[in-house]
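A quick write-up on the structure given underneath.
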Amino acid sequence: MILKNNLKEVRQKKGLTQEELGTNVGVSRQTIISIERYRYKPTLELAMKIAQNLNIKIEKLFYFSD
Amino acid sequence: MNLSKKELSILIEIIYSIVFALIFLPYFYENQEKTLIIMDGLIEKIIQITIGSVIYFSVAYAILEIAFKKKEARDERDDMINSKSYKLGYLLYEFSLFIFIGYICTKFQNKELFNLTGNHELYNNFQLTEGGILFFILVLLAFTSIIKSLYQFYLYRTV
Numbered sequence: 001m002i003l004k005n006n007l008k009e010v011r012q013k014k015g016l017t018q019e020e021l022g023t024n025v026g027v028s029r030q031t032i033i034s035i036e037r038y039r040y041k042p043t044l045e046l047a048m049k050i051a052q053n054l055n056i057k058i059e060k061l062f063y064f065s066d
Numbered sequence: 067m068n069l070s071k072k073e074l075s076i077l078i079e080i081i082y083s084i085v086f087a088l089i090f091l092p093y094f095y096e097n098q099e100k101t102l103i104i105m106d107g108l109i110e111k112i113i114q115i116t117i118g119s120v121i122y123f124s125v126a127y128a129i130l131e132i133a134f135k136k137k138e139a140r141d142e143r144d145d146m147i148n149s150k151s152y153k154l155g156y157l158l159y160e161f162s163l164f165i166f167i168g169y170i171c172t173k174f175q176n177k178e179l180f181n182l183t184g185n186h187e188l189y190n191n192f193q194l195t196e197g198g199i200l201f202f203i204l205v206l207l208a209f210t211s212i213i214k215s216l217y218q219f220y221l222y223r224t225v
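For the protein sequence lines, the chains are A and B, in the order given.
Those letters in the first sequence? Residues 1 to 66, per the numbering used here, in order.
Those letters in the second sequence? Residues 67 to 225, per the numbering used here, in order.
Shown next, in the form of structure tokens:
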């Protein structure tokens with residue numbers, strides 16, 4: 001099972017840039033890029049911050065895929 | 067290639083380690099048979115290294131700060147990359163020290179063998195000087211620092 005996410009789609013729907021989302025949750029733009037490309041798995045704390053900032057449930061944002 | 071501020075600061079470290087190895091290590095290599103007291107110009111070399119390092123890092127980081135005025139946030143991804151790269155550096159350093167200890171033990175064993183077999187010329191030629199130990203430790207530091215920084219740079223580009 002691979003941990004995937006809808007971060008890019010949700011972020012774009014909300015009209016936020018990677019830089020803006022990064023600033024809102026206190027990480028660099030590069031970290032947001034890495035999460036969107038599945039290169040980096042965020043900690044629970046960061047994942048919750050991102051979900052909270054995008055006003056979406058965490059399980060809708062991050063999910064397991066075969 | 068588009069490099070971030072963090073990646074450039076790692077490159078500054080890599081360049082420093084390589085330049086240090088190329089400029090200063092030959093001096094310690096030439097003097098590895100000597101003790102620290104009779105090493106010619108050791109104090110001058112230490113002063114050169116200190117002043118050179120301070121100037122290099124001051125100029126390099128000043129240029130970096132001018133080029134990237136915006137402060138980059140340090141986050142959990144940086145911590146993860148740093149912990150991975152420093153762990154590799156630490157393991158390499160530890161492994162190399164074990165090899166060095168093994169090398170010293172073998173040398174002492176050989177010395178005793180020379181003595182027992184009556185090979186007094188080789189026995190008298192045996193020496194393990196402070197200069198040799200210093201040279202080895204500096205090579206080790208430069209080597210582990212370069213590998214650690216390269217791995218850190220690789221992680222920043224790929225993670």
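Quick reminder that beta carbons are idealized off the backbone N, C-alpha and C, glycines included.
Since we're looking at a predicted model, the values are computed, not measured.
query: Going by C-alpha distance, which of B/Leu-69, B/Ile-104, B/Leu-206, B/Ile-212 is nearest B/Leu-130?; result: B/Leu-69
query: What are the residues in the segment 41-63 of chain A lying within 9 Å of chain B by C-beta distance?; result: Pro-42, Thr-43, Glu-45, Leu-46
query: With distance defined between alpha-carbon atoms, name the residue in B/Tyr-95, B/Leu-108, B/Asp-144 nearest to B/Lys-72.; result: B/Asp-144
query: With a floor of 4 residues, list each alpha helix (DSSP H) that falls wholly inside the segment 118-190 of chain B, ordered by position along the chain.; result: 142-182
query: So, are the CB atoms of B/Phe-86 and B/Lys-111 less than 8 Å apart?; result: no
query: By Cβ distance, which residues of its chain are closer than 7 Å to A/Val-10, with the 5 residues on each side in sequence left out?; result: Leu-54, Ile-56, Leu-61
query: Return the CA-CA distance between B/Leu-194 and B/Phe-202, expressed in angstroms with no decimal places.; result: 11 Å
query: Can you tell me which of A/Ile-58, A/Lys-14, A/Glu-20, A/Asn-6 puts its alpha carbon nearest to the alpha carbon of A/Ile-90?; result: The question about residue 90 of chain A has no answer, for chain A in this structure spans 1 to 66.
query: Out of B/Phe-94, B/Ile-115, B/Ile-117, B/Thr-116, point me to the one whose CA is closest to B/Asp-106's CA.; result: B/Phe-94
query: Report yes if the C-beta of A/Gly-15 is less than 7 Å from at least one heavy atom of the ligand GTP; otherwise report no.; result: With respect to the ligand GTP, the structure shown offers nothing to examine, as it has no ligands at all.
query: Only counting runs of 4 or more residues, tell me where the alpha helix (DSSP H) segments fall wholly within the segment 14-64 of chain A, in order along the chain.; result: 18-25, 29-36, 44-53, 58-61
query: Could you check where the beta strand (DSSP E) with A/Leu-3 kicks off and where it finishes?; result: 2-5
query: Please classify B/Leu-288: does DSSP put it in a helix, a strand, or coil?; result: With chain B covering only 67 through 225, there is no way to say anything about residue 288 of chain B.
query: According to a CB-to-CB cut-off of less than 9 Å, which residues of the segment 137-148 of chain B neighbour chain A?; result: Glu-138, Ala-139, Arg-140, Asp-141, Glu-142, Arg-143, Asp-144, Met-146
query: I need the straight-line Cα distance from A/Gly-22 to A/Gln-30, nearest angstrom please.; result: 8 Å
query: Classify B/Asn-97: buried if its beta carbon has 16 or more other beta carbons within 10 angstroms, exposed otherwise.; result: buried
query: If we ignore side chains and look at the alpha-carbon of each, how far apart do A/Val-27 and B/Lys-177 end up?; result: 58 Å
query: Buried or exposed: which applies to B/Tyr-222, given that a residue is buried once 16 or more other Cβ atoms fall within 10 Å of its Cβ?; result: buried
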